[in-house]
Every structure is written in structure tokens, then in C-alpha cells.
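In this note's numbering, the protein residues as written are 144 to 557.
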Ligand SMILES: NC(=O)c1ccc[n+]([C@@H]2O[C@H](COP(=O)([O-])OP(=O)(O)OC[C@H]3O[C@@H](n4cnc5c(N)ncnc54)[C@H](O)[C@@H]3O)[C@@H](O)[C@H]2O)c1
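In C-alpha cells form, the structure reads like this:
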């Protein structure tokens, strides 16, 4: 039997637990060609989080520092799932120590940090992936296949929304999510996913034609205990800390292929816990997705007779990406959840390490940098009130028309 790939997760908070679960279940999807996975370590400065997560998902040990993982000789591959300002230091140390790295999105707090991380990845010659988990949605992948097959014709309009309500309550506690510069709030936290999906479907964004990044709740209470994720239910003090980044992000873009994009992102959308969705309109058809109905998508084209034509609800099944080789019951209508996106993402990362080419390659650090360049242009558009071109266009992996797009001339400073 081949040697196992030995994995660790740094950060045992909300998303860290999804990564831990994903490494455990990655072994159960896409057949047995891949090397086995050894669940080595969970690291978190909060010892209770590290210990309970290691125990829950069957990892061999818990560590209380990321350095213990970087220095360990028995670990090959590591997920970084901590606050964004910690990503660069940890990624650089792991890559220098010869580990493969899967880093959560946004790749870094700034474009400069992400550029340094891309350089570190190039120097290390290791797999360096970014956690754009929605690339692994079977329904979104199925829509992307249709775009690439040309079924929708020339793309005209992407209308996307990512509405969450984790910050809707002004009494929801302060955390690292609220303290960065403008653009590091709703835009980077959840808008980053929507931007990546849009570029996966439509190719690169060329210009931001208008943007607004309002802060609508100006301060939040300081929590009295360690909190994870969105910290719901944690006791808070009377002291309030300022909110320095965006609660809402709206922006309008032009894609390099001429299509228009309209985006609405919010973390204060009361009643919408995690509502990502989009409509994509082409000259010959349209497709739609709603995360609340994960395992289906909407589709309309001109093929059926006009008398019975209209939007149809397509249940994702074995003829669509990921289902046949990954689900235990690979039938339409059985359904799946967002956790599977993390499992498929982990599988892709492990396959890349093993040199297997069974699935679309993982999003790279360069993709993470590209995403931050778009977000920086959105911030510049919101600040200046002017249209801003996305500087230094880098290829968007796997897109239809974006590879090799020339950098934009006369672009505004971002
Ligand atoms: N892909 C997705 O769908 C998705 C979803 C949620 C979060 N995320 C990303 O995951 C990352 C973490 O977000 P989260 O919501 O899980 O955060 P979180 O606050 O729930 O968890 C972060 C964890 O890091 C630990 N930690 C803090 N400093 C540490 C250190 N120096 N060393 C080791 N551990 C440390 C904390 O104790 C906490 O348990 C962010 O980059 C976020 O954007 C991605």
C-alpha cells in the first residue's frame, strides 16, 4: 500500500471543523486510487476547541500552536482555517517547512500579503490551494459546464447575491471579522465567494463601474468568552468596540467578455442565514442557483416547444459533476449539503498532492490573489465614486475566455 498523506488542520473554529470533517470523508469519495489519509493533528490556541475537534473527527492529537504543526516531521498537508490576518505568516512557515497548504479565503487581508504568499508558493514547489469551496458545488459546476458548452450563448448578465444575517443583531459580539479596513467585512468574508463564482462562470471582471460599502451598525459589544464563527449566544460586556469594515457591499461590473454583473452582499440581511444565489442570463438561455436548494438548479433555453417552454427545475444527479463518483446513493433527489463541498475540496487538494487528475484542479494562491485584486478595485471604486479597472489581470483558472487577458492600461490606483 502507498504511504498515507498525513494531514493537519490549523484552527478548530467554525470552518476548521468543516475541514476536519472533510479530510475524514475525503477518503470515501472518488474510489480507492488515492493514497490513504492519516488524520494527524488539529491545532488551535484554544485547547478545548483543539481537543474536542480532534476527538470528534478522529485526529490523532491536538496541538495548541500552529508552530507545532509547522515543525512536525510527520505532517504533509495542512489546512489554514484561522482569522485572515494570520494566513500569511502561517502559510509562509508551512511552505518553508515543505508542507502542502490549503488556505481559507480570503487568502490574505491585503493584496500585498497575497502577492508574498504567491511568491512563497512558487519558491516552495508545493501544492498551495485557496478554499473557494463553492467551486465544488455540483449544481454550480453543472451550470459552468453548460456555459462552457455554449448552451447559454453569449453571456449578458450575472446577477448575484450573498445575504447573511450573522451581523443583523447590533448585540452580536465584536470579533476579528469587524476590525479590518473597508472591504474586509462582508465583501471579503462572503462577497469573495460570489466574485469567484462569477469569474468561474463569466471569466475575468474587467472594470468596477460603481460600488458602495456601507457600515450600518457602527459598534458592537466586546464578548466575555472565547467565541467561534459568528459568536452567536456568547455573553457580552457593556463595552462596545467600533466596527471598521463594511456590513454591505453592492457593486456593478463589466466582464472582459462584455457581460454585465450586478452584486449585492450583506451580513445584516435579517432572516437570511446563508443565502447565496445568482441568475445568469445569456443570449440563448439562462440558469439560476439558490444555496438553500443546494442540489438543484434552474435552467431555461429555447429548445422545448414554446407552448410548454419556461424555467425548469433540474435535480442534480449522476449525470452531473461529483455525484456518481462521490455520493453513496448517487441518484437525483437524494440531495446533499454544503459539507460535501468541503469534502470534494479536500479530495481535490489531496489528489493534486498525489498527482491524480480526476477532478478540476484546486483554486490556487494565484486565484486567491486575483480575488483580492478585484476586491481592492471595488474598495477603490467605492472610495472614489469613479469606475476602476481591475489592475494586473491574472488568468482566472479554468474560465472560458479569460486566460491570457492583457493587463488593463490606464487603470486607476488600487
Ligand atoms: N469557505 C467557507 O465557506 C468559509 C466559511 C467560514 C469561514 N471561512 C474562513 O475560514 C477562516 C476562519 O473562519 P472561522 O469562521 O472558522 O473563524 P473562527 O473564529 O470560528 O475560528 C478561528 C479559530 O482560530 C483559532 N485561533 C486564533 N488564533 C490562532 C492561532 N494563532 N493559532 C491557532 N489557532 C488560532 C481560534 O481559537 C478559533 O478557534 C477565515 O479565513 C474565514 O474567512 C471560510
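Just so you know, even glycine gets a beta-carbon here, dropped at the ideal spot from N, CA and C.
Keep in mind the model is a prediction, meaning the values are calculated, not measured.
Do the CB positions of residue 410 and residue 343 come within less than 8 Å of each other?
Along the chain shown, one-based indexing puts residue 410 at 267. Along the chain shown, one-based indexing puts residue 343 at 200. It is not a contact, given that the beta carbons lie outside the stated cut-off.
Could you say which of 272, 156, 188 lies nearest to residue 508 if we only look at CA atoms?
Numbered from 1 along the chain shown, position 365 holds the residue referred to as residue 508. Residue 508 has its Cα closest to that of 272, out of 272, 156, 188.
Return helix, strand or coil for residue 536, following the three-state DSSP convention.
Taking the first residue of the chain shown as 1, we reach residue 536 at position 393. Only weak support is given to the placement of residue 536: the predicted model assigns it a pLDDT of 44, under 50, and the value that follows is read from those uncertain coordinates. Note: residue 536 maps to coil in three-state DSSP.
Is the closest heavy atom of ligand 1 to the C-beta of residue 248 under 7 Å?
Residue 248 sits at position 105 when you count from the first residue of the chain shown. Yes, the Cβ of residue 248 comes within 7 Å of a heavy atom of ligand 1.
Measuring alpha carbon to alpha carbon, tell me which residue in 360, 416, 385, 208 is nearest residue 372.
Working through the chain shown from its first residue, we reach residue 372 at position 229. When each option's Cα is compared against that of residue 372, the closest is 416.
Hey, could you find the ends of the beta strand (DSSP E) residue 364 is sitting in?
Your numbering for residue 364 matches position 221 in the chain shown. 362-366 is the extent of the beta strand (DSSP E) around residue 364.
Neighbour-count burial assignment, residue 382, 16 or more Cβ in a 10 Å radius:
By 1-based counting over the chain shown, the position of residue 382 is 239. Looking at its Cβ environment, which holds fewer than 16 other Cβ atoms inside 10 Å, residue 382 is exposed.
Based on DSSP bridge pairs, tell me the residues matched to residue 206.
Reading the chain shown from its first residue, position 63 is the one you call residue 206. 186, per the DSSP bridge assignment.
Quick check: residue 337 and residue 434, are their CB atoms within less than 8 Å of each other?
On the chain shown, residue 337 is found 194 positions in, with the first residue counted as 1. On the chain shown, residue 434 is found 291 positions in, with the first residue counted as 1. No, the pair does not count as a contact, with Cβ atoms beyond the cut-off.
State yes or no: is the C-beta of residue 153 nearer than 7 Å to some heavy atom of ligand 1?
On the chain shown, residue 153 is found 10 positions in, with the first residue counted as 1. The answer is yes for residue 153.
Where the alpha helix (DSSP H) containing residue 493 begins and where it ends
Start at 1 with the first residue of the chain shown, and residue 493 comes out as number 350. Looking at the DSSP string, the run of the alpha helix (DSSP H) that includes residue 493 is 482-497.
Would you say the beta carbon of residue 202 comes nearer than 7 Å to a heavy atom of ligand 1?
On the chain shown, residue 202 is found 59 positions in, with the first residue counted as 1. No, Cβ of residue 202 sits at least 7 Å from all heavy atoms of ligand 1.
Pick out whichever of 320, 304, 270, 345 has its Cα sitting closest to the Cα of residue 298.
Along the chain shown, one-based indexing puts residue 298 at 155. Answer by Cα proximity: 345.
Does the structure place the region 390-410 close enough to the region 474-484 that three or more beta carbon pairs sit under 8 Å?
no
What did DSSP end up calling residue 474 once you bin it into helix, strand or coil?
Here residue 474 corresponds to residue number 331 of the chain shown, with the count starting at 1. Note: residue 474 maps to coil in three-state DSSP.
Residue 448, buried or exposed, once every other Cβ within 10 Å from all chains shown has been counted against 16
As a first step, residue 448 is located in the chain shown; it is residue number 305 there, counting from the start. By the neighbour-count rule (16 or more Cβ atoms within 10 Å), residue 448 is not buried but exposed.
N- and C-terminal bounds of the alpha helix (DSSP H) containing residue 164:
Indexing the chain shown from 1 puts residue 164 at position 21. Element bounds for residue 164: 157-169.
Coil, strand or helix - residue 319 by DSSP:
Walking along the chain shown from the start, residue 319 turns up at place 176. Note: residue 319 maps to helix in three-state DSSP.
Using the C-alpha atoms, what's the distance from residue 330 back to residue 379?
By one-based count along the chain shown, residue 379 stands at place 236. By one-based count along the chain shown, residue 330 stands at place 187. For residue 379 and residue 330, the distance between alpha carbons rounds to 26 Å.
How many Å lie between residue 444 and residue 429 at the Cα?
As a first step, residue 444 is located in the chain shown; it is residue number 301 there, counting from the start. As a first step, residue 429 is located in the chain shown; it is residue number 286 there, counting from the start. Approximately 7 Å, taken between the alpha carbons.
In whole angstroms, what separates the C-alpha of residue 258 from that of residue 309?
Translated into positions along the chain shown, residue 258 becomes position 115. Translated into positions along the chain shown, residue 309 becomes position 166. Looking at the two C-alpha atoms, the distance is approximately 30 Å.
Got a sec: does ligand 1 put a non-hydrogen atom nearer than 7 Å to the Cβ of residue 492?
Start at 1 with the first residue of the chain shown, and residue 492 comes out as number 349. Checking the Cβ of residue 492 against ligand 1 gives no.
Looking at C-alpha atoms only, which residue of 212, 531, 247, 177 is the closest neighbour of residue 236?
Looking up residue 236 in the chain shown gives position 93. That would be 212, whose Cα lies nearest to the Cα of residue 236.
Pull up the CB-CB distance for residue 208 and residue 225, whole angstroms please, since I reckon it's below 8 Å.
Numbered from its first residue, the chain shown carries residue 208 at position 65. Numbered from its first residue, the chain shown carries residue 225 at position 82. Actually they do not touch by this definition, with Cβ atoms about 11 Å apart.
What's the call for residue 501, buried or exposed, on a 16-neighbour Cβ count within 10 Å?
The residue you call residue 501 lines up with position 358 of the chain shown. Burial call: exposed.
Please classify residue 242 as buried or exposed, where buried requires at least 16 neighbouring CB atoms within 10 angstroms.
Along the chain shown, read from residue 1 onward, the residue named residue 242 stands at position 99. Flag for residue 242 reads buried.
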